[in-house]
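S.K.: Residue numbers (my numbering): 130 to 946.
Note that CB positions come from ideal geometry on N, CA and C, so glycine has one too.
First the structure, then my questions, so here it is.
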Ligand SMILES: Nc1ncnc2c1ncn2[C@@H]1O[C@H](COP(=O)(O)OP(=O)(O)OP(=O)(O)O)[C@@H](O)[C@H]1O
Ligand SMILES: [Mg+2]
């Protein structure tokens with residue numbers, strides 16, 4: 130018989146698992162009881178410096194599992210265990226065990242631990258995207274899996290893939306990752322194994338219970354069994370005066386044992402102690418559980434137990450609570466109070482009624498409530514409970530109506546969000562969209578699957594353009610738009626279609642597919658012209674202008690952008706006109722008219738700062754930095770870049786990767802910090818290689834020149850070492866590195882300081898420090914005055930200084946060091 134808690138190659142699995150009955154652990158081995166007092170949100174993640182530690186914290190207490198924790202950790206540190214899958218029935222505690230087990234492993238994985246919740250993902254093809262996004266990879270000019278393997282190849286990283294059973298078809302992708310990335314480890318939780326070569330399976334056992342119900346230890350010692358401890362803890366949460374004593378100890382043990390030591394079932398039963406004494410509960414369980422599982426006879430035994438427990442709690446709800454419980458099943462990834470109200474509440478129900486019903490579901494452990502990062506409550510189901518709720522919704526014949534309400538609400542909501550993305554509320558709304566991204570995906574999925582519903586999907590997708598772009602979902606957004614547009618039927622409003630085409634065109638342009646961008650922009654232009662929709666026409670012209678610019682058709686770009694600008698101005702729409710102004714700035718920069726470029730960028734910047742469009746302000750600040758760099762004004766370039774990064778961070782923009790790293794690398798090169806420049810180029814190459822493919826010629830030339838300068842300043846080995854150091858950096862690390870103070874020297878790997886001035890420049894610097902003029906220096910060194918001037922200029926640039934006095938101060942410090 131298969132023993133739970135044992136590791137085996139997935140391929141040798143045998144069916145069947147026994148209840149786990151054992152002696153309590155010795156006091157020394159019992160798990161440290163640590164309460165996480167801070168309320169931590171489901172979505173709250175921490176990124177510690179240098180490593181990616183993206184593992185959510187749980188707010189409830191964790192019991193027992195000493196042996197399992199030790200086993201799992203040991204397995205994960207065994208070199209030939211590349212994929213460990215925690216399997217077992219729903220609610221047995223796979224996810225929780227995985228989270229707890231990885232806590233103590235942070236030090237062991239140099240590049241961190243990354244948690245990917247697969248629960249809300251419905252399409253196996255999106256698994257690789259989900260992983261890539263968690264790793265901060267954004268622009269996918271080549272297949273995502275390829276990009277992932279490229280990124281993970283040299284990294285010692287632990288991926289935690291939670292609730293894999295939904296997307297088992299993605300297991301081949303996992304195999305591919307493991308094959309290509311020798312230092313990558315994966316911990317998966319799944320109701321069934323992935324069945325790939327690399328896999329070791331670990332069957333998660335139930336919580337511990339006394340082996341012999343006939344000879345129970347006294348109540349005080351019973352809590353050494355984790356099932357009992359969990360019951361008592363959760364019972365106290367709803368009924369603070371609950372104590373385990375000699376009167377109820379046996380009954381509580383019986384309850385936990387009837388519930389097979391399944392933590393989720395125990396949590397739900399314990400939540401009922403406010404209403405039912407343990408005695409009454411035990412009696413009902415003895416008779417009722419099996420009836421409640423009617424219809425689920427084909428499920429494995431423990432799965433039936435869990436269903437029974439859920440069904441039991443459900444049967445005790447009031448009718449309106451039951452209705453709410455069922456209705457909430459249409460949400461994917463949880464719901465805010467407002468969304469729950471809009472979708473589930475009846476017209477005549479007040480906010481308090483709904484709030485009361487939600488609170489009651491939370492009390493009964495049927496629903497979870499955790500604060501979002503903005504402090505608002507968010508309600509969500511554990512997966513097995515959502516599945517049950519969905520079944521109830523279907524058998525009540527109400528699925529269709531609720532899906533429609535869900536879609537209608539999110540359509541309304543997203544249309545509220547869209548205009549706000551152009552204002553000071555940009556960051557707030559981007560976050561809100563992010564928290565409800567899975568609900569939005571669900572609406573899109575539904576609208577594609579449901580005949581006659583494409584228009585809803587097209588409207589939602591059209592409104593999500595900025596969110597998709599700023600937050601790095603360009604490839605995914607493109608997929609949704611393409612699928613929807615390919616299936617458009619006759620009754621879709623032309624304006625809706627034009628807007629979706631426009632969105633798809635913009636994303637195609639950003640992803641470097643210029644032909645597609647042009648085709649789609651022309652389509653949207655045609656429709657908007659037919660409709661006489663001037664704002665639409667202006668936007669399409671703007672898109673076409675950007676495409677022409679990237680295709681090096683500068684005269685055409687100029688006229689398109691100017692037409693767009695004239696229309697925006699005619700409409701009095703300053704916020705939109707800034708896009709055309711910024712485009713014209715790009716054109717001026719390409720034409721080498723740097724002063725004109727700078728003036729145009731400044732104009733766009735002041736508009737966006739005024740309207741509060743932080744993301745676009747950050748983008749144009751980056752353009753200003755590039756211009757300043759070409760004007761050799763490194764001081765200004767640095768300040769523009771710094772501000773740009775700051776603003777990009779404010780809106781958590783993924784576009785950041787693309788621009789900022791290139792800018793910072795080039796700046797480091799110009800300032801003579803060659804090692805740092807090589808690191809940043811390496812980081813940029815790793816995090817967003819696709820960016821360079823869409824660069825315009827002067828940017829490309831500037832990039833190449835900076836790269837040449839960097840290579841020239843280092844030996845081949847030094848360059849290679851710095852480059853590969855950069856490739857293993859996270860985005861946060863690379864940005865910190867790039868923004869560190871522009872010291873005149875850079876640290877070598879051993880912490881010693883090393884100047885980057887050539888010997889000749891050092892001589893010149895010494896003479897500057899003595900107060901010599903360029904002419905005097907030239908005479909002194911037997912060189913032309915012009916050459917001396919160039920040396921001084923290079924020294925100023927390399928050290929990031931503006932005056933000869935700064936060189937003098939640096940030289941004297943440097944000597945005394
Ligand atoms: N050792 C434990 N101590 C305290 N609570 C636990 C423990 N194990 C599990 N739980 C709780 O039990 C519930 C179910 O656990 P979890 O979600 O990990 O189950 P699962 O096996 O991943 O289920 P599913 O197959 O549905 O994903 C959660 O609320 C979890 O916090
Ligand atoms: Mg789980």
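Which residues bound the beta strand (DSSP E) around residue 319?
M.R.: Within the chain shown, the letter at position 190 stands for residue 319. Residue 319 -> beta strand (DSSP E) spans 313-319.
S.K.: Which residues are close to ligand 2, meaning CB closer than 7 Å to any heavy atom, in chain order?
M.R.: Cβ-based neighbours of ligand 2 within the cut-off: 223, 224, 291, 292, 318, 512.
S.K.: Classify residue 638: buried if its beta carbon has 16 or more other beta carbons within 10 angstroms, exposed otherwise.
M.R.: Numbered from 1 along the chain shown, position 509 holds the residue referred to as residue 638. The residue is buried, with at least 16 neighbouring Cβ atoms inside 10 Å.
S.K.: Look up residue 783 in the DSSP assignment and say whether it is helix, strand or coil.
M.R.: In the chain shown, the residue the question calls residue 783 occupies position 654. Coil.
S.K.: Report all residues from its chain with a CB closer than 7 Å to the CB of residue 660; omit the five preceding and five following residues, and keep chain order.
M.R.: Stepping through the chain shown from its first residue, residue 660 is reached at position 531. Once the five neighbours on either side are set aside, the close Cβ partners of residue 660 are 623, 624.
S.K.: Would you say residue 582 touches ligand 1, meaning its beta carbon is less than 7 Å from a heavy atom?
M.R.: Counted from its first residue, the chain shown places residue 582 at position 453. No, since every heavy atom of ligand 1 falls outside the 7 Å radius drawn around the Cβ of residue 582.
S.K.: At a cut-off of 7 Å, is residue 231 close to ligand 1 when judged by its beta-carbon and the heavy atoms of the ligand?
M.R.: For the purposes of this step, residue 231 is identified with residue 102 of the chain shown, where counting begins at 1. It does not: the Cβ of residue 231 is nowhere closer than 7 Å to a heavy atom of ligand 1.
S.K.: With a threshold of 8 Å on Cβ separation, who are the neighbours of residue 827 within its own chain once the five nearest residues in sequence on each side are excluded?
M.R.: In the chain shown, counting from the first residue as 1, residue 827 sits at position 698. Counting only Cβ-Cβ distances below 8 Å, and skipping sequence neighbours, we find 718, 719, 721, 759.
S.K.: Quick check: the stretch 368-387 against the stretch 203-219, are at least 3 beta-carbon pairs closer than 8 Å?
M.R.: No: the two stretches stay apart, fewer than three of their Cβ pairs being nearer than 8 Å.
S.K.: What number of angstroms, rounded off, separates the C-alpha of residue 710 from the C-alpha of residue 939?
M.R.: Within the chain shown, numbered from 1, the residue matching residue 710 stands at position 581. Within the chain shown, numbered from 1, the residue matching residue 939 stands at position 810. Those two C-alpha atoms are separated by around 42 Å.
S.K.: Given this structure, state the Cα-to-Cα distance separating residue 653 from residue 541, to the nearest angstrom.
M.R.: Walking along the chain shown from the start, residue 653 turns up at place 524. Walking along the chain shown from the start, residue 541 turns up at place 412. Approximately 23 Å between the Cα atoms of the pair.
S.K.: May I ask you to verify whether the stretch 663-675 touches the stretch 690-698, counting CB pairs closer than 8 Å and requiring at least 3?
M.R.: Segments in contact, yes.
S.K.: How about residue 243 and residue 264: do their beta carbons lie closer than 8 Å?
M.R.: Taking the first residue of the chain shown as 1, we reach residue 243 at position 114. Taking the first residue of the chain shown as 1, we reach residue 264 at position 135. Against a cut-off of 8 Å, the Cβ pair of residue 264 and residue 243 comes out as a contact.
S.K.: Taking the CB atoms as reference points, tell me whether residue 111 and residue 704 lie closer together than 8 Å.
M.R.: The structure shown does not extend to residue 111, since the chain spans only 130 to 946, so no value can be given for it.
S.K.: According to DSSP, which residues form a beta bridge with residue 510?
M.R.: In the chain shown, counting from the first residue as 1, residue 510 sits at position 381. For residue 510, which the question treats as bridged, DSSP gives no partner whatsoever.
S.K.: Distance check for residue 504 and residue 586, CA to CA, integer angstroms please.
M.R.: Here residue 586 refers to the residue found at position 457 when the chain shown is read from its first residue. Here residue 504 refers to the residue found at position 375 when the chain shown is read from its first residue. Cα to Cα, the separation comes out at about 30 Å.
S.K.: Would residue 151 be called buried (16 or more neighbouring beta carbons within 10 Å of its own) or exposed?
M.R.: One-based indexing of the chain shown puts residue 151 at position 22. Its pLDDT being 37, under 50, residue 151 is placed unreliably in this model, and the coordinates cannot settle the point.
S.K.: Given 8 Å as the limit, is there contact between the stretch 750-758 and the stretch 859-867, that is, 3 or more CB pairs closer than that?
M.R.: No, they do not touch.
S.K.: Just the Cα atoms here: how many angstroms apart are residue 674 and residue 311?
M.R.: The residue labelled residue 674 in the question sits at position 545 within the chain shown. The residue labelled residue 311 in the question sits at position 182 within the chain shown. Approximately 46 Å between the Cα atoms of the pair.
S.K.: Assuming residue 280 contacts residue 815 under a Cβ cut-off of 8 Å, what Cβ separation, rounded to an integer in Å, is found between them?
M.R.: Locating residue 280 in the chain shown gives position 151, counting from the first residue. Locating residue 815 in the chain shown gives position 686, counting from the first residue. Rounded, the Cβ-Cβ distance is 6 Å, consistent with contact.
S.K.: I'd like the span of the beta strand (DSSP E) that includes residue 497, first residue to last.
M.R.: Numbered from its first residue, the chain shown carries residue 497 at position 368. First-last of the beta strand (DSSP E) with residue 497: 497-500.
S.K.: Might you give, ordered along the chain, the residues of its own chain that have their beta carbon closer than 6 Å to the beta carbon of residue 453, omitting 5 neighbours on each side?
M.R.: As a working mapping, residue 453 is identified with position 324 in the chain shown. Hits under 6 Å: 473, 486.
S.K.: List, from N- to C-terminal side, the alpha helix (DSSP H) runs of 4 residues or more that fit wholly inside the stretch 913-940.
M.R.: Listed in chain order, they are 914-928.
S.K.: Can you say whether residue 845 is buried or exposed, counting buried as having 16 or more other CB atoms within 10 angstroms of its CB?
M.R.: Walking along the chain shown from the start, residue 845 turns up at place 716. Exposed: under 16 other Cβ atoms inside 10 Å.
S.K.: Closest to residue 727 by CA distance: which of 278, 518, 765 is it?
M.R.: Indexing the chain shown from 1 puts residue 727 at position 598. Checking every option, the nearest Cα to that of residue 727 belongs to 765.
S.K.: In whole angstroms, what is the alpha-carbon distance linking residue 178 and residue 777?
M.R.: Position 49 of the chain shown holds residue 178. Position 648 of the chain shown holds residue 777. With a pLDDT of only 31 at residue 178, under the threshold of 50, the placement of this residue in the model should not be trusted; the figure read from the coordinates follows. Going by the C-alpha atoms only, they are around 19 Å apart.
S.K.: Compute the minimum distance between the beta carbon of residue 462 and the heavy atoms of ligand 1, and state whether it is under 7 Å.
M.R.: Residue mapping note: residue 462 aligns to position 333 of the chain shown, counting from 1. Residue 462: no, Cβ never under 7 Å from ligand 1.
S.K.: Anyone know if the C-beta pair for residue 466 and residue 506 falls short of 8 Å?
M.R.: On the chain shown, residue 466 is found 337 positions in, with the first residue counted as 1. On the chain shown, residue 506 is found 377 positions in, with the first residue counted as 1. Yes, the pair counts as a contact, with Cβ atoms nearer than the cut-off.
S.K.: Are the CB atoms of residue 334 and residue 220 nearer to each other than 8 Å?
M.R.: Sequence index remark: in the chain shown, residue 334 carries index 205 (1-based). Sequence index remark: in the chain shown, residue 220 carries index 91 (1-based). Contact: no.
S.K.: Grab me the residues of residue 687's own chain with a C-beta within less than 7 Å of its C-beta, minus the 5 sequence neighbours each way, in chain order.
M.R.: Reading the chain shown from its first residue, position 558 is the one you call residue 687. Here the set comprises 716.
S.K.: Have a look at 483, 502, 515, 482 and flag the residue whose alpha-carbon is nearest the alpha-carbon of residue 496.
M.R.: Locating residue 496 in the chain shown gives position 367, counting from the first residue. Measuring from the Cα of residue 496, the nearest candidate turns out to be 515.
S.K.: Measure the C-alpha to C-alpha separation of residue 930 and residue 941 and round it to an integer number of angstroms.
M.R.: Numbered from 1 along the chain shown, position 801 holds the residue referred to as residue 930. Numbered from 1 along the chain shown, position 812 holds the residue referred to as residue 941. Looking at the two C-alpha atoms, the distance is approximately 15 Å.
S.K.: Which same chain residues, not among the five before or five after residue 403, have their C-beta less than 8 Å away from its C-beta?
M.R.: In the chain shown, residue 403 corresponds to position 274, counting from 1. For residue 403, where only same-chain residues beyond five positions count, the Cβ hits under 8 Å are 367, 368, 492.
S.K.: Please classify residue 341 as buried or exposed, where buried requires at least 16 neighbouring CB atoms within 10 angstroms.
M.R.: For the purposes of this step, residue 341 is taken as residue 212 along the chain shown, with counting starting at 1. With fewer than 16 other Cβ atoms within 10 Å, it is exposed.
S.K.: Which residues does DSSP list as the beta-bridge partners of residue 291?
M.R.: Within the chain shown, the letter at position 162 stands for residue 291. DSSP output for residue 291 lists 246 as bridge partner(s).
S.K.: With DSSP run on the structure shown, which of helix, strand or coil describes residue 763?
M.R.: Walking along the chain shown from the start, residue 763 turns up at place 634. Residue 763: helix per DSSP, three-state reduction.
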